[in-house]
Amino acid sequence: MKVKTFHALTMQDAMRAIKEELGPDAIILSSKEVHQGGRMLRVFNRPVLEVMAACEQDPLPRDEAPKPVAELPSVESPAPAPVVKSFQAALQSVLDSNHAPIETAVPEPAGLPRSAAGMKWRRNRLQHLRAELREVSRLLAESLPPETQSIEAGKPPVIARLCRSFIRQGMRPSTAEVLGDDLLERLGSDACRHEEAVTTALQEAIACRIGISGPILGREGGRAIGVILGPSGAGKTSIVTKLAAHHRIELGQSVAVVTFDTYRKASVDQLRQYARTLGVPFAAAQSPQQLHQGLRRHGRAEVVLIDMPGVGPEDVSSAAELHRLIGEESVITTHVVLPASSQERDLRRVIDRVKDLPLLRLLFTKLDDTESFGTIFDVARHTGLPLSYWGVGQRVPEDIELASPERLAECLMAQRYVVSRAPMSRPQRSLPEAPVPEAVGAMCASNEW
């Protein structure tokens, strides 16, 4: 017996594929809707139909087919048994038949002569079928790790399915179990059937377990400084340009951009060009002391964004020195930029290098290119560090969001990034264009402090 699983968007597509591969005599063992098969099949978040079908092994060649000994008398063919649509029911019915006599397992039409060879062939085929079904049952049981099976035990199907989804999205099984138990406690078994209620409860459960820092803000009438650091390729420069455009254009604040990444000329030129386009001052600093002196002489900007080269010891030391030199004058927050598509162990390794910096925040990027939203929750929960912003694309300044439990819950439920329905912190009224102070303009002209 040959058993195979097919994935398709409609039952017609599945039947066509089954007929082409297994032939017209194939039977359907089970069918269900799943959210598997890759992003290409999940068009507009449509579920995928998973159909398990089976057929007999390929028949013997024509020249090897046994010849009939004698012509059998014509008899009325029995009505075909109804196809069992539930795979579990089919499996159980066959396995239960172990206790029944083999001779009665496959009924014969009345009038057909019984032969020892025919009975032996049927007995062998039935034993082979039972072995095949036992193997399928074993594979299905082993498809989930033991910890996942224990997590699902005793939970309603909706909660169990959510726990599996969280684990597939990079969440630790222990964390998924905690969230599942919390949802069940908040909702009860009956309310778990309503997706809207589950989403609301998930937002509350997430908000209780992770911190949200909010935007880069200074004290009343003071300056806010955001230090952006992270591993190479994480998207630091892109984040700096988006934040600069957001504060300059949408919030109408005066902004200055500084880079410590003086070794990569292309990165410096890119930032300089963005700063010129936005009309904000730009400078390349060689040391924290030079930045401190420049801010005292020229810096009247309300928001200063600092692009660090990476997360090496020298970068971390420079960030710590900035906090020491300027921390009393301005509010300095450090945002470690992390690609959401990275493995949790790699993210934790980066965080371990910078964990001693004050006012540390997590800024995840590339959310539009990942399904690992469980990893984001796990890292934030186990490190205790608050989330600040999310990078969700290449557009400037649109593709940046303030982190929130509501958005994380929405993406966890959808198993993909869901486009935000509201722009980030957009003012209710238009603000006047923020002037660039002359002293800061001089800093922009020199491009160095």
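According to our numbering, numbering within the sequence shown proceeds without interruption in unit steps and concludes at 478. For each residue, glycine too, the CB sits at the ideal point set by N, CA and C.
Integer Cβ distance of residue i from residue j, believed to fall under 8 Å
i	j	result
residue 441	residue 393	Not quite, the Cβ-Cβ distance comes to about 14 Å (not below 8 Å), so this is no contact.
residue 282	residue 331	5 Å
residue 430	residue 446	Their Cβ separation, rounded to whole angstroms, is 10 Å, which puts residue 430 and residue 446 out of contact at 8 Å.
residue 434	residue 232	5 Å
Backbone CA spacing between residue i and residue j [nearest angstrom]
i	j	result
residue 422	residue 438	19 Å
residue 247	residue 42	58 Å
residue 398	residue 428	13 Å
residue 31	residue 82	8 Å
residue 201	residue 363	27 Å
residue 404	residue 190	18 Å
residue 45	residue 164	26 Å
residue 158	residue 33	14 Å
residue 255	residue 230	33 Å
residue 315	residue 350	13 Å
residue 192	residue 448	23 Å
residue 354	residue 199	39 Å
residue 269	residue 342	21 Å
residue 271	residue 426	4 Å
residue 443	residue 213	19 Å
residue 293	residue 312	14 Å
residue 224	residue 56	34 Å
residue 58	residue 377	45 Å
residue 194	residue 375	22 Å
residue 436	residue 155	54 Å
residue 53	residue 35	15 Å
residue 279	residue 304	15 Å
residue 387	residue 329	24 Å
residue 381	residue 261	16 Å
residue 211	residue 228	13 Å
residue 295	residue 196	40 Å
residue 37	residue 420	33 Å
residue 322	residue 301	21 Å
residue 161	residue 63	24 Å
residue 207	residue 410	12 Å
For residue i, the nearest candidate out of the options (CA to CA)
i	options	result
residue 365	337, 411, 157, 211	337
residue 244	47, 416, 354	416
residue 77	205, 350, 59, 39	39
residue 48	160, 84, 389, 342	84
residue 263	373, 368, 186	368
residue 412	445, 419, 238	238
residue 345	258, 210, 147	258
residue 249	350, 358, 55	358
residue 395	323, 375, 300, 265	265
residue 241	53, 54, 414	414
residue 284	324, 343, 149	324
residue 424	261, 267, 236	267
residue 333	276, 197, 228, 155	276
residue 310	295, 293, 288	288
residue 318	329, 149, 356	356
residue 385	352, 280, 410	352
residue 286	335, 253, 322	335
residue 348	302, 290, 400, 370	290
Reduced DSSP category for residue i - H, G, I as helix; E, B as strand; rest coil
i	result
residue 44	helix
residue 373	helix
residue 336	strand
residue 349	helix
residue 5	No answer is possible for residue 5: it lies beyond the span of the chain, which begins at 30 and ends at 478.
residue 294	helix
residue 200	coil
residue 359	coil
residue 252	coil
residue 194	helix
residue 247	coil
residue 237	coil
residue 403	helix
residue 556	There is no way to answer for residue 556, as the model of the chain reaches only from 30 to 478.
residue 214	helix
residue 164	helix
residue 364	strand
residue 78	strand
residue 271	helix
residue 307	helix
Beta-carbon spacing of residue i, residue j below 8 Å
i	j	result
residue 379	residue 340	yes
residue 79	residue 61	yes
residue 360	residue 251	yes
residue 226	residue 216	yes
residue 188	residue 406	no
residue 320	residue 274	no
residue 391	residue 383	no
heavy atom of the ligand NAP below 7 Å from residue i C-beta
i	result
residue 82	The ligand content of the structure shown is nil, which means the ligand NAP is not present either.
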